[in-house]
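Here my numbering is used: the first residue of the sequence shown is 37, the next is one more, and so on.
For reference, the structure is listed below as structure tokens.
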Amino acid sequence: NIESIKEILTGEAIRRYREHFNLSVDSEPRWFTIIYVDSGKYKSLHLVAQTLQLFNIWVDNLEKLYLHRRDIIGGLVHLRKRQYLWLEQQWKQADKDGNSRLDFDDVAKLCCHLNINMPKSLLEAKFKESYQYEKEDGQLDFTDFQQFIKLINQRVELDKLFNSLAKERGNTLTLCEFKDFLINIQKYALKEEEYDNLYYKFCDKGHKEMNLEGFSYFLMSSDNAIFASEHTKIYQDMTQPLSHYFIDSSHNTYLIGNQLTGESSVEGYIQTLQRGCRCVEIDCWDGPDGPIVTHGHTLTSKITFQDVISTIRTYAFKASPYPLILSLEVHCSIDQQNQMASILRNTLGEYLVTNFISENETELPSPADLLYKIILKIYMKFKTRNREKEVPKLSEGYVLSEDYAGSATDTESDTNTELNVESYKEKETKAKRKKIKSRVAQALSDLMVYFSTVKFKGFNYHRETKPKHKKTKLRVAQTLSDLMVYCSSVKFKGFDYHRGNPKYNQMCSFTNNDSSKLIKSERDALIQHNTRQLTRIYPGGFRVNSSNYEPHHQWMVGNQLVSLNWQTFDLGMQIDYAMFSVNGRCGYVLKPERLCNPEITYPTLPTQTLTIEIISAQYLPKLEDDFIDKIIDPFVEVELLIPGADAIKKRTSIISDNGFNPIWNETLKFTFNCNDMSLVFLRFVIWDQDIGNNDFIASYCIPVTSLQFGYRYVPLNDFNGEQYLYTTLFIRSSLE
């Protein structure tokens, strides 16, 4: 499907594919790869043309078709083109035999496909009314079909709005009336000439007046988008330390399915990087021919570390010029760690950060300081008898004892050992035992497991003392450790400890559950900690279906790297997508001032009321597994998502048997209070009411600070996060 195409690769970009398939270099000039979406997953289709001429024909035309869909999303000319394209698609759907004629039965089936339930007598009347002249064959041609769609798609809600505004002339809207509408209802603040330009842009060309059609096109256009146009550009200060930004982050990026049996694929990196993600995760293990990437101890498939790094090199800065963080979880031997270091240096070259920008740094550099740079964050994983450990950057040598290691793993049981809210101070106050040097060979000592000989210290001592596991020495490749600069992973040892050891380039990691415990017990300390150092949050290991937590509850304390499973477009991912839609979708969003300078006292915002009027929906899709003659029964659920609080949910009534143009005209009010308005989100979800479970149809999430008020069309996404080309929700909103 042309609409599923995300990118077309040629030349150097496809070289790794050719090499992977062991095909001749002669095929490279004729090779093109199509990256596309299938059931929410990014996939690759590799094609080799027989001749260069055929290659050029295919690539040139595919690129034109691919760009066409993107272009028709907005713009006045494209609005008319989009409407015509939709009509053409429905015509071809109905004209099964290809004779360019539709009889009444064809039209009745089409109406069912379009989610229209209309009495047969009324449908027949509309069918006959569509004839432009008397016909004996009782069939519609394409021109008649256009008239038929116009008759059944009369927008009475738009007629009512237009008539309420066009008081002077009735059938046209004057410049003064249009300007009044923009200022008082839409809350526009333009220069005088900009109002004039906007009015005449949508006027009837012959009479220089705005009729209903022009007004309708204005409401649908990008000039009246629901998302603030200024937020689609980079508008925030990008010169503050990295710790002052929320950074768009992915967990187990290589997976495009669940955590146990899902497929590992470079397409996971392509998808996230193209959407602006600035922190991706790579789990590295020993492979037969070099390091591989996979989810260890599971049935997930494997890909080579080289392929992953090559893909990252290609896509790292396609969506954003700001620094990309690679979060490496390393389970490899010394030999393959050295291979990893070599691959990183050779493939990423000058993009890779290998040294501090300045010797006199006292805080993290800014995104602007690190344009087109790639930063490494490395977890060195090894096992004691019961748990895994994490290793910080080596200062000298390459042998570490367990005492230096912290813990950060994918499983809930492991991370519970990482966050011991019993303070680090309490551990320090326990009696210190003298360390006695032993002259026992490590090789021999390693063989002692169940019979460890110790000195008898009395039965009371031995009753209370648990078996001690031997400390394990870890060998870490110096070549890999040298690449850790600004993201040195350390174990969390309590805020008192980290305040006393304020190394700005160190960072801690927590599961979302462990972080939530800290938020409850030491919220202010966590906020203060995050003003200077980076903190990464990731999903607990129990989320085997790759579900997500709600990230705004983590952002509210300044946690920067809140990582999610991008392959699942659930509520958590929808909030993340909305959050990073601002600031030009560059992957960095400046934290609220309160989270950057918490010592300053900020005024409390008054209680506010957000009013949402759900007016109508257009062209709701038919669910794939529905019966042919089933018409959906839609209703709209609206959620206000506030950090640190339960979501406020309200819903409309159900419209029976109408997914084509259901009309609600229902008003929903949300009263709330929040000092961090940039972390409050509004979510629209359209459901099909069904027996048992309701079926998801479409959704859209937006930061309240980016919401444009007045009458707006809400773009809607499917369950994979892909925007529907024709499906919309028409609303009116205001905030008081």
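Even glycine gets a Cβ: it sits at the ideal position worked out from N, Cα and C.
Here DSSP, grouped into helix, strand and coil, assigns T571 to strand. Residue burial annotation: H498 is exposed, with fewer than 16 other C-beta atoms found within 10 angstroms of its C-beta. As a beta-bridge residue in DSSP terms, E675 pairs with K685, R719.
Cβ contact annotation for V618 (same chain, cutoff 7 Å, sequence separation greater than five): H267, V625, P739, S742, in chain order. Around N709, the same chain offers T643 as residues with beta carbons nearer than 6 Å, after the five sequence neighbours per side are excluded.
Look at K553 here: in three-state DSSP terms it is helix. For the options C148, A144, Q272, L226, the alpha carbon positioned closest to that of A161 is the one of A144.
Taking each of P698, L677, Y305, I648 in turn and checking the Cα distance to S80, the smallest one comes out for Y305. In the three-state reduction of the DSSP assignment, N729 falls in the coil class, being assigned neither a helical nor a strand state.
The segment 285 to 294 makes no contact with the segment 249 to 267; the number of CB pairs closer than 8 Å stays below 3.
Going by beta carbons, L138 and F91 fall outside the 8 Å limit. The beta-carbon separation of F766 and S652, rounded to 5 Å, stays under the 8 Å limit for a contact. For Y231, there is no enclosing beta strand (DSSP E); the residue is found in the alpha helix (DSSP H) stretching over 228 to 237. The count of Cβ pairs closer than 8 Å, one atom from the segment 389 to 402 and one from the segment 362 to 375, stays below three, leaving the stretches out of contact. In this structure the segment 665 to 678 does not lie against the segment 542 to 555, because fewer than three pairs of beta carbons, one per stretch, are closer than 8 Å. Selection A561, N537, G695 evaluated against L631 yields A561 as nearest (Cα-Cα). For I767, the enclosing beta strand (DSSP E) starts and ends at 759 to 771.
For G304, the enclosing alpha helix (DSSP H) starts and ends at 303 to 310.
Of the candidates M592, K156, G250, the residue whose Cα lies closest to the Cα of P679 is M592.
In the same chain as Y72, and ignoring 5 residues on each side of it, the C-beta atoms closer than 7 Å to its own belong to S40, I41, K42, K79, L81, in chain order. For C622, the closest C-alpha among the options H56, V329, M274 is that of M274.
In the three-state scheme derived from DSSP, where H, G and I count as helix and E and B as strand, Q542 is classed as strand. Shown here, M520 sits in a strand according to DSSP, grouped into three states.
Just so you know, the alpha carbons of T297 and T390 end up roughly 36 Å apart. Counting only unbroken stretches of 4 or more residues, the alpha helix (DSSP H) elements lying wholly within the segment 106 to 193 are 112 to 130, 140 to 149, 156 to 165, 178 to 188, in sequence order.
Between T763 and P657, the CB-CB gap stays under 8 Å. DSSP places D371 in no beta strand (DSSP E) but in the uninterrupted alpha helix (DSSP H) bounded by 370 to 384. Within a 10 Å sphere around the beta-carbon of Y102 sit 16 or more other beta-carbons, which makes this residue buried. Put simply, of F282, Q375, G728 the residue whose alpha carbon is nearest the alpha carbon of Y358 is F282. Residue state for I348 is assigned as helix, using DSSP reduced to three classes. F282 carries a strand assignment under DSSP once its states are collapsed to helix, strand and coil.
In the three-state scheme derived from DSSP, where H, G and I count as helix and E and B as strand, P359 is classed as coil. Rounded to the nearest angstrom, the gap between the Cα atoms of S735 and T647 is 19 Å.
Close CB contacts of I328 within its chain, under the 8 Å cut and outside five residues either way in sequence, are with C320, W321, D322, K338, I339, T340, F341 (chain order). A distance below 8 Å between beta-carbons, with the five flanking residues on each side excluded, links E193 to the following residues of its chain, in chain order: I651, S652, I699, N701, F766.
With a threshold of 16 other beta carbon atoms within 10 Å, P65 falls short and is exposed.
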